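Add 4 to a position in the sequence shown, counting from 1, and you land on the number used in my numbering.
Even for Gly, the Cβ is constructed at its ideal location relative to N, Cα and C.
Every value quoted in this text rests on a predicted model; they were computed, and no experiment measured them.
Since the structure comes first, as structure tokens, the remarks are kept for the end.
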Amino acid sequence: MLQAGSDAKESRKSSETSAHSPMATFVEVPEQKECDQSDSDSSSAPGSDSDTDEEEILLWGEKMFGVTPLALLEKRLQATESSEDESSDDDDDFDGTYSATQYRRDPLTKAKKKNRKVKTETQEERIRKKEEAKSLTAEQIRAILGDDDMAMPSSNWVRRSSRQPSKDALKTVGVRRLLDQLATNDPDMVVLKMKKYINDPDTPQVVIDAALDALEENTNCQALYIQNFNKGMRDEQVIRLLKILQLPTCKIWCVNIGETYNVKSKTWKRFAKGLKRTKITHMYASEHTIDSEYKDIIRKSIRENRSKHDMHKNPENLDVIIQCTHCWWNPINTKSLRPFIRKRGYEFMLFDKEGQGLRGSTSGAPGSGVKKNPETEKT
């Protein structure tokens, strides 16, 4: 009886020992699996799951006991070698996906591609710099200058810098004096002859714009001589002058704009039609710059304007009237003023062609002093 109990205890200890022995369990399970598998299907066909099942058992044993079986290590080594051989043959057909064995060598492949790209860019950079270092050919220079000639047909044209040196003209003594006297309604501004302050036909637009700004604030100017500023007097400036003349505060009734060639025909048309809303009664603009149609419109407007005021025929304004010369019709020739002209000793001016700028004089312009309609010129 005692002997049987001791035998039972020893058998339990041996079973417990075998249950806790990792190697014993690891060996038994695969053998049982293989036994079952051989009993179920001793002649398995190619493509069966026997190899997969065996690998799963080995992986399960590795997870359970923390020991990698030798057979599993051999299989992994073989898989690594085969995948490396395939990747070396298929580098050119890489589809963008990475396997476990390719992951470690892909960075090297990317680095090589990057180096090749850098070398290519460097070569292109060298070629570009070499092309830029070459001097322009005569044909290329002519092509570049040809574009400029299209914009500036003058053969004497000189390339200017991007800065605006014309602004320095505002600092000249004559321009500053002109702007100051206009702003303060100086007596010399009653008959303003711009040539007295700016005696340069190439005066830039910035100077003319500044003069027009000051003229807009002025309230004592009656006669304006702003002729022959071909570079400074353009379409914008002519329209600006018209708007100033239309101001209620503007007292200008005599204008000489002279020969202004850089003004478009449609601008002259607008100027001619807009004069009827001004005080202009006497004017001159060169026939070379405006169409005869617009000249007739201007003449009609200024004759009609003579009924708006009497500054052009008032004897008390005679000192200003005698200075308003070089017009199509000079106000000094108004018949109602002749007794006052004789009394003040200005009668000699009626016969002074040069002083009045009449036809045949060196200072006169074509058509000046000619009366197309004597009846309308009496007043």
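Next item on the list: Please name the residue, chosen from G361, D356, M315, Q327, that lies closest to S340 on a Cα-to-Cα basis.
Entry: M315
Checklist line | Cβ pair V324, A215 closer than 9 Å | finding: Not closer than 9 Å, so no.
Next item on the list: Tell me, please, which residues DSSP counts as bridged to T337.
Entry: Residue identity differs from the one stated: residue 337 is Asn in this sequence, not Thr. Partner(s): none; N337 has no beta bridge.
Check: In its own chain, which residues sit with a C-beta less than 6 Å from the C-beta of D239, not counting the 5 before and 5 after it?
Finding: V267, K268, T271
Next item on the list: Could you give the DSSP three-state label for L228: helix, strand or coil?
Entry: strand
Notebook entry, point to check: So I261 is in the beta strand (DSSP E); what residue range does that whole segment cover?
Noted result: 258-262
Check: Does the distance from the CB of E59 to the CB of L81 come in under 9 Å?
Finding: no
Next item on the list: Give the range of the alpha helix (DSSP H) segment to which K347 is assigned.
Entry: 342-348
Check: Distance, Cα to Cα, L174 vs E263?
Finding: 23 Å
Next item on the list: Could you tell me if T282 is buried or exposed, where buried requires 16 or more neighbouring beta carbons within 10 angstroms of its beta carbon?
Entry: buried
Next item on the list: Counting only the same chain and skipping the five closest in sequence on each side, list residues whose C-beta sits under 8 Å from that of E66.
Entry: Cβ neighbours of E66 beyond the five flanking positions: T72, P73, L76.
Note to self: Taking 8 Å as the limit between beta carbons, can you name the residues of its chain near V211, skipping five residues before and five after?
What the structure shows: S170, A173, L174, V179, I202, G236
Next item on the list: Find the nearest neighbour of D184 within the set D206, N222, T207, K199, judged by alpha-carbon distance.
Entry: The shortest C-alpha separation from D184 is found at N222.
Note to self: Buried or exposed for T207, going by 16 or more other Cβ atoms inside 10 Å?
What the structure shows: buried
Next item on the list: Would you check whether the ligand SAH has a heavy atom nearer than 8 Å to the C-beta of S305?
Entry: Looking at this structure, you won't find the ligand SAH or any other ligand, since it has none at all.
Check: What separation, rounded to the nearest whole angstrom, lies between the Cα atoms of M198 and Q231?
Finding: 8 Å
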